[in-house]
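Enquirer:
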Amino acid sequence: MDIKFTEEQQLIRKSARQFLMDKCPSSLLREMVEGTKGYSDELWRQMAELGWMALIFPEEFGGTGGNFMELILLLEEMGRACLPGPFFSTVVLGGLTILEAGTKQQKQELLPKIAKGELIATLAITESESDYDPSSITVTAKAKGESFIVHGTKLFVPNAHVADYLLCVARTEKGKDPEDGITLFVIDGKAEGIKYTLLNTMAKDKQYEIFFNKVRVPKENVLGELNKGWGLLKKILQKAALAKCAEMVGGGQQVLDMAVSYAKKRVQFGKPIGSFQAIQHHCSNMLVDLDGCRWVTYKGAWMIDEDIPYEKEVSIAKAWCNDAFRRIVALGHQVIGGVGYCEDHDMPLYFRMGRMAEITFGDSDFHREIVAKQLFSAG
Amino acid sequence: MDIKFTEEQQLIRKSARQFLMDKCPSSLLREMVEGTKGYSDELWRQMAELGWMALIFPEEFGGTGGNFMELILLLEEMGRACLPGPFFSTVVLGGLTILEAGTKQQKQELLPKIAKGELIATLAITESESDYDPSSITVTAKAKGESFIVHGTKLFVPNAHVADYLLCVARTEKGKDPEDGITLFVIDGKAEGIKYTLLNTMAKDKQYEIFFNKVRVPKENVLGELNKGWGLLKKILQKAALAKCAEMVGGGQQVLDMAVSYAKKRVQFGKPIGSFQAIQHHCSNMLVDLDGCRWVTYKGAWMIDEDIPYEKEVSIAKAWCNDAFRRIVALGHQVIGGVGYCEDHDMPLYFRMGRMAEITFGDSDFHREIVAKQLFSAG
Amino acid sequence: MNFNLTSTPEEEKFRQEVSDFLDKELTDEIRRQYAIDKGLGPEGRAFALKLGAKGWLGLGWPKEYGGSDGSIIHDFILVQEFARHEVHIPNEVARFMSGPTILHHGSEEMKREFLPRIARGEIEFGLGYTEPPAGSDLLAMQMVAVEKEDCYLITGQKTFNTESHYADYHWLAAKTDLNAPKHESISLFVVDQRSPGITITPIWTLGGERTNEVFYDDVRVPKNRLVGEKNRGFYYMIEALNYERLMMSQTERLVPILNRIIEYTRQTRRNGKLMTEDPLVRNKLAQMAIEIEVSKCLEYRAFAMLFEGRSPDYESGISKLFISELYQRLAYTGMEILGFFGRLDEDSKWVPLRGEISRLCRMSVVYTIGGGTSEIIRNLTATRGLGLPRN
Amino acid sequence: MNFNLTSTPEEEKFRQEVSDFLDKELTDEIRRQYAIDKGLGPEGRAFALKLGAKGWLGLGWPKEYGGSDGSIIHDFILVQEFARHEVHIPNEVARFMSGPTILHHGSEEMKREFLPRIARGEIEFGLGYTEPPAGSDLLAMQMVAVEKEDCYLITGQKTFNTESHYADYHWLAAKTDLNAPKHESISLFVVDQRSPGITITPIWTLGGERTNEVFYDDVRVPKNRLVGEKNRGFYYMIEALNYERLMMSQTERLVPILNRIIEYTRQTRRNGKLMTEDPLVRNKLAQMAIEIEVSKCLEYRAFAMLFEGRSPDYESGISKLFISELYQRLAYTGMEILGFFGRLDEDSKWVPLRGEISRLCRMSVVYTIGGGTSEIIRNLTATRGLGLPRN
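Chains as they are written, first to last, in the numbering used here: chain A, 356 to 734; chain B, 356 to 734; chain C, -19 to 371; chain D, -19 to 371.
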């Protein structure tokens, strides 16, 4: 057993933290959140220069061959900074899916661009009965000549408005098992017949409704195996869930830091409130929750890198992080009091981020059921 | 709105508290719990003299015509004293059921004896798949001439070993709806073919397995309507559940009192531990939980007395008291520390009582489902 | 014992009258204004005047000050009916905090000047207690009122003064003695918010409501605007705060929210089946119904003590404590059930229940902070309710 | 990073060896003796000697004191394998608290006298810290050891000395200076439990285990039985306590318990259907699996720090905090699932899982109290882990 990070990993974390502290102050953050684009071109360019978008991809596709743990550490720092923008949707949802299932040609065409920060991608899964359940996939893709005709409505697609490519989960066949007959497509974001409507979420995180109105997609844009897309998607969803955990770890650390530093400075009844046992125990409970989040997330990343079956552990991480991050933010608010309820404080940013993170890629009950399936199938 | 008790009610509570403080010290309590009989004849006689067994029955059946609230207050004091013995099974499970459904003759024969403390009764419901679900009733009663032949095994029947009469829930018919075909019987505790086996529960509260080996029961011993017993039983179970809440209210009050008094006296780090915020907040949380228990229980009793439909509110009370009493005892242990973990302290008595109370007449999930049925059927 | 809202035919008649009035007069626009703009719009103001005309804003006050027949029970019934109709009583601070304090402690002149206008629904007060250094520790306030000839000159800063951007008067606490023990150094003032030297700047909150910072720069306040006795202000504040906590406990408001969530599950399929059939959903919503019932019992208990002429102490504290935490649990339960859609704002496509669950989730964050944090209430419960020693 | 129990082939070989040994040697009788009688019976004692013969009770100690090759990692592997096999390491206090303290601070004579016997599995120590007035506040202890010629004369009372009725020696803390600051007034002693003047009386607990009160009446303890330096005892205690907390964190022990509950749901019908099909049951058991995994991560993290040569501080505290509370949650979850049957004692008809859930439910009550209450650990976490000011 060994919980040390490599020097490489420590460097990634340290430089990411420094970069975001320097280049992404609270003012820029708010500008990005309030803006329609949702991110800053300049910041995006600098992130690309630092190699962030290239990190996880093999060298043959323009990447630097980092492992999943390194991506997790980077995402942790982004979560800590509450950084908005299309990094997650491009690299995790787009890039990793293409890397996992793309043809050599698809990879060679798309991944180097992603790695250079020149291509923005996203993944369209959920629909109106959305719970990451295969039976809820009703957007259809019907073969017609050399193309598929994609039709239907997707919801909660992050950063769709700026995406060069949309990865879309569609039903190509209706089988007895709802998992069968699902296929992923790479669709040009500017293709004819696509309509984007912004959904105003609590976190203003640029989620979109996409209406595909009989959109023609060439057959070579099928990603992975025809009709066998659900297996691929499950794998991607698990990795994405763990990546989301990393953001919560970072966010939780920042909330705890804010609470502790406030508790040290804030004086009431003649003492720093951090000397009151009630506040001390709130902070301790936050730390216990956070440490739990941190190490289950790292363990999940280690399993992914080691290629140990990770489905149960990743679901454990996501269920725990969802619940723990909620408690951390709630206690943070309780420690910081009225000041943290004001929009000019950073607490609301993390509160809003938490509400989205805890539902994205599966809420706690969803992941507990995955864990239950594993428990009851084993032995 | 008005939360005052009548003078009568205040008197019952006060005199019961005084009596139990005087006559039921911890030493006698332990003697009763450890003994095979489970109670003291002398104490039982005195309780009868005070009119406790007569309280809830109408005057025509030898009672004093008290209302349900008065019974609740009495049970609260018994819970506070952690009093063992067959009062609950005789008066609540036996007496109230007979009062509810008995023929005039049954009432005249049995209730005056109960009221005088001369008859001990109990109710046999649960079986091996026990969850107060009609489908779990498999003990059969088959008509044969002027009798029924009762056969099968009942579990967790309190005080069966000393019961003059067992009320037994048996299946007289197998219908499509499991609620149909259930009948209650009054069975002589000494009838031929009955075998009692003590079940050693955590609380040593004299629960028995009863094996009815083709026990012959005269037809006139049917209690209530043939085949329609489940409706009656549901009503009895709800009242019994609320009566169990009253015991938990009393027990919770005693646990809180013990914790608070310990916290005032116990000095650590040069101060009474009750001056530490962590202990203060534990005690406050106990009080909030307890006050909740208290008032939902009283409200349920008021509804029963006013004949307002009370199914939902009683299930609310039982679910809340189950969970809250568990928390109260756990916090009590945390406040009192190692001393309360020793068997010579009274805390273990309340811990053990709580484990039985929270499951008897329905655990929290059972009652939440009743509440849910009401919520989803209304509107 | 009687857990009914009303106990006598007269009370029931009053309740029915209030209910009918609200059914008739209450529009979505008024509800919206009270929820978001605190009655700032013309419809909200007109509604307040109608209530005043009914005599419902001066229930139990002496006739000579514009009051009308009634008692604390009628106030309670009024508040409960408003809660059931999901709207706040307008001018709450004036009606339930400043008004009673003026009635009990104010000069005759002050009573004649303000009480009739409060009773008519014409004016609202803004609560001016909290300062940046004085949150839970109210006594740490630093705003100073210096006596000078016929007036006090007041300088300093208040914060989280929620009503100040629409209130007519500031219900201000300031230090009038820098040498006395803290709890005998504070006085209350009625300050015209248009007084020169007052600056009000907005603070926007996570819940979407506006609150304010209020700056005083040598503001002249006439001496006759001192409430009651000088340096007794802290006692008046405590007296009114207890009442405030009770009035904040309106469990009735939670009932329609839960009902709408239930209605949502009746109409929504998830994973191929109706949500009402999901045992986890059933269990969670039942738990909410249970906690709402407990909250109602705690609230009724505290009110019933008032009706008996006993003064609830920790009892009103834990009623507020319980309901404020329950609001948060209900909001989260709602969020769990609404899933992604629960994260949408009111103005979004696909938003269910007009975004109320998301709004409640954000707004309820402050419920366990304002009006006495949960921690402070737990302290008071331990020391005053259980007699544990003060730290 | 590596979350495997073993990292090298050598470690894995050792683990396998321990596992094989336990598979072969561990009988239900030995397990029972360790769970209930703490290894008091002949089988338990013989088992300890076998372990000693294996060299596993002196891993990493110098050969001259009876030690054998190994490191903290091997200790950890040993503990984990024992936990997986659901048995405690015998003579735990001797092995993990007294032994290391003697090794680091004891005199040469003391090392030679005790360490080989500990390593051979021959002797156990009883922890003698707590007194009626000194629970969480260890420094409030009052037992006094008065220096007199060649010995200390000790008088006073200890309580909750769990091992004393079967231990050979008492690992005793007593005051040796009544004037010094409290943390520099305590010394540790090794006291032969057969010394005249010692009376041991049982205390029976909710969990069914025996613990003891130990009375000292002018007990003579030779001077050479003072551990290390006089008046440094408190520092030695703290040093060992941290280690104790870590050794109490054996999440692996929870896994087979959860598995048996799961197995029970596979074989049990409730309300006409198999319990495995009940979504509430599935949700609860999944949550337990989640918390067990979190507990394991917190535990591994603290151990891994040790392996790196860093000294875990709050990290071992929260590992103990988390697992102690988790034990209680797991026990309650088990009770919920076993229903009425979960309330039966081991010797009852109809009892499932040999009554272990009921026993765990009772025993775990003390887990959040002994070895540092949850409240004390939260204090330490706040001040030492987060740097918040001491009260």
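For each residue, glycine too, the CB sits at the ideal point set by N, CA and C.
Should residue 663 of chain B be labelled buried (16 or more other beta-carbon atoms within 10 Å of its own) or exposed?
Expert: That one is exposed.
Enquirer: Report yes or no: do the stretch 283 to 292 of chain C and the stretch 222 to 230 of chain C share at least 3 C-beta pairs separated by less than 8 Å?
Expert: yes
Enquirer: Excluding the 5 residues preceding and the 5 following residue 536 of chain B in the sequence, name in chain order all residues of the same chain whose CB lies nearer than 8 Å to its CB.
Expert: 526, 527, 528, 529, 530, 582
Enquirer: Tell me whether residue 138 of chain D is buried or exposed, calling it buried when 16 or more other Cβ atoms sit within 10 Å of its Cβ.
Expert: Flag for residue 138 of chain D reads buried.
Enquirer: Excluding the 5 residues flanking residue 246 of chain C on each side, which residues of the same chain have their C-beta closer than 8 Å to its C-beta?
Expert: Cβ neighbours of residue 246 of chain C beyond the five flanking positions: 254, 255, 256.
Enquirer: Could you tell me which uninterrupted beta strand (DSSP E) segments, each at least 3 residues in length, are contained entirely in the stretch 468 to 539 of chain B, listed from first to last along the chain?
Expert: 476 to 479, 495 to 499, 502 to 513, 520 to 526
Enquirer: The ligand ATP and residue 405 of chain A: does any heavy atom of the ligand fall closer than 8 Å to the residue's C-beta?
Expert: For the structure depicted, the ligand ATP is absent and the ligand set is empty, with no information on it obtainable.
Enquirer: To the nearest angstrom, how far is the alpha carbon of residue 142 of chain D from that of residue 218 of chain D?
Expert: 19 Å
Enquirer: Which residues in the same chain as residue 598 of chain A place their Cβ atom closer than 6 Å to its Cβ, once the five residues preceding and following it in sequence are excluded?
Expert: 430, 447
Enquirer: If contact is defined by three or more beta carbon pairs under 8 Å, each pair taking one atom from either stretch, is the stretch -5 to 3 of chain D in contact with the stretch 258 to 274 of chain C?
Expert: With the cut-off at 8 Å, the stretch 258 to 274 of chain C and the stretch -5 to 3 of chain D do not touch.
Enquirer: List the residues of chain D whose Cβ lies closer than 8 Å to the Cβ of residue 411 of chain A, in chain order.
Expert: Those within 8 Å of residue 411 of chain A in chain D number zero; the least Cβ separation is about 17 Å.
Enquirer: Which residue's Cα is closest to the Cα of residue 104 of chain C: C:-19, C:24, C:204?
Expert: C:24
Enquirer: For residue 158 of chain C, does the count of other Cβ atoms within 10 angstroms reach 16, so buried, or fall short, so exposed?
Expert: By the 10 Å Cβ count, residue 158 of chain C comes out exposed.
Enquirer: Can you find a CB in chain A that lies within less than 9 Å of the CB of residue 183 of chain C?
Expert: yes
Enquirer: Tell me which residues share the same chain as residue 392 of chain A and place their Cβ nearer than 7 Å to its Cβ, disregarding the 5 neighbours each side in the sequence.
Expert: 517
Enquirer: My output table needs one value for residue 183 of chain D: the three-state DSSP class, helix, strand or coil.
Expert: strand
Enquirer: Within 10 angstroms of the Cβ of residue 686 of chain A, are there 16 or more other Cβ atoms? Answer buried if so, exposed if not.
Expert: By the 10 Å Cβ count, residue 686 of chain A comes out buried.
Enquirer: In chain order, which continuous runs of the alpha helix (DSSP H) of length 4 or greater are located wholly inside the stretch 122 to 152 of chain C?
Expert: none
Enquirer: Check whether chain D comes within 9 Å of residue 263 of chain C, counting only Cβ atoms and requiring the distance to be less than that.
Expert: yes
Enquirer: So, under 8 Å CB-CB, residue 436 of chain B and residue 375 of chain B are touching, yes? Tell me the CB distance rounded to an integer number of Å.
Expert: 4 Å
Enquirer: Using 8 Å as the cut-off, can you tell me whether the stretch 689 to 701 of chain A makes contact with the stretch 170 to 188 of chain C, which would need three or more C-beta pairs spanning the two stretches below that distance?
Expert: Flag = yes, the stretch 689 to 701 of chain A and the stretch 170 to 188 of chain C touch.
Enquirer: Entirely within the stretch 580 to 647 of chain B and at least 4 residues each: give me those alpha helix (DSSP H) ranges in chain order.
Expert: 584 to 620
Enquirer: Please work out which residues of its chain come closer than 7 Å, Cβ to Cβ, to residue 370 of chain C, disregarding the five sequence neighbours upstream and downstream, and give them in chain order.
Expert: 363
Enquirer: Quick one: Cα of residue 233 of chain C to Cα of residue 333 of chain C, how far?
Expert: 15 Å
Enquirer: Mind listing which residues of the stretch 336 to 352 of chain D have their C-beta closer than 8 Å to chain B's C-betas, in chain order?
Expert: 338, 341, 342, 345, 346, 348, 349, 350
Enquirer: Between which two residues does the beta strand (DSSP E) harbouring residue 107 of chain D extend?
Expert: Residues 105 to 108.
Enquirer: Any chance the stretch 338 to 345 of chain D sits against the stretch 720 to 734 of chain B, with 3 or more Cβ pairs inside 8 Å?
Expert: no
Enquirer: Per DSSP, what are the beta-bridge partners of residue 573 of chain A in this structure?
Expert: A:502
Enquirer: Using Cβ-Cβ distances below 8 Å, what residues of the stretch 241 to 267 of chain D are close to chain C?
Expert: Listed in sequence order: 258, 259, 260, 263.
Enquirer: Could you compute how far the alpha carbon of residue 171 of chain C sits from the alpha carbon of residue 293 of chain C?
Expert: 30 Å
Enquirer: Can you pull the chain D residues whose beta carbon is under 9 Å from the beta carbon of residue 703 of chain B, in chain order?
Expert: 185, 186, 342, 345
Enquirer: Please specify which runs of the alpha helix (DSSP H), each continuous and at least 4 residues long, are wholly inside the stretch 39 to 96 of chain C, giving them in chain order.
Expert: 52 to 64, 79 to 85
Enquirer: Any contact of the stretch 75 to 91 of chain D with the stretch 190 to 198 of chain D, i.e. 3+ C-beta pairs under 8 Å?
Expert: no
Enquirer: Where does residue 697 of chain B fall in DSSP's three states?
Expert: strand
Enquirer: Assign residue 637 of chain A to one of two classes, buried (16 or more other C-beta atoms within 10 Å of its C-beta) or exposed (fewer than that).
Expert: buried
Enquirer: Would residue 624 of chain A be called buried (16 or more neighbouring beta carbons within 10 Å of its own) or exposed?
Expert: exposed
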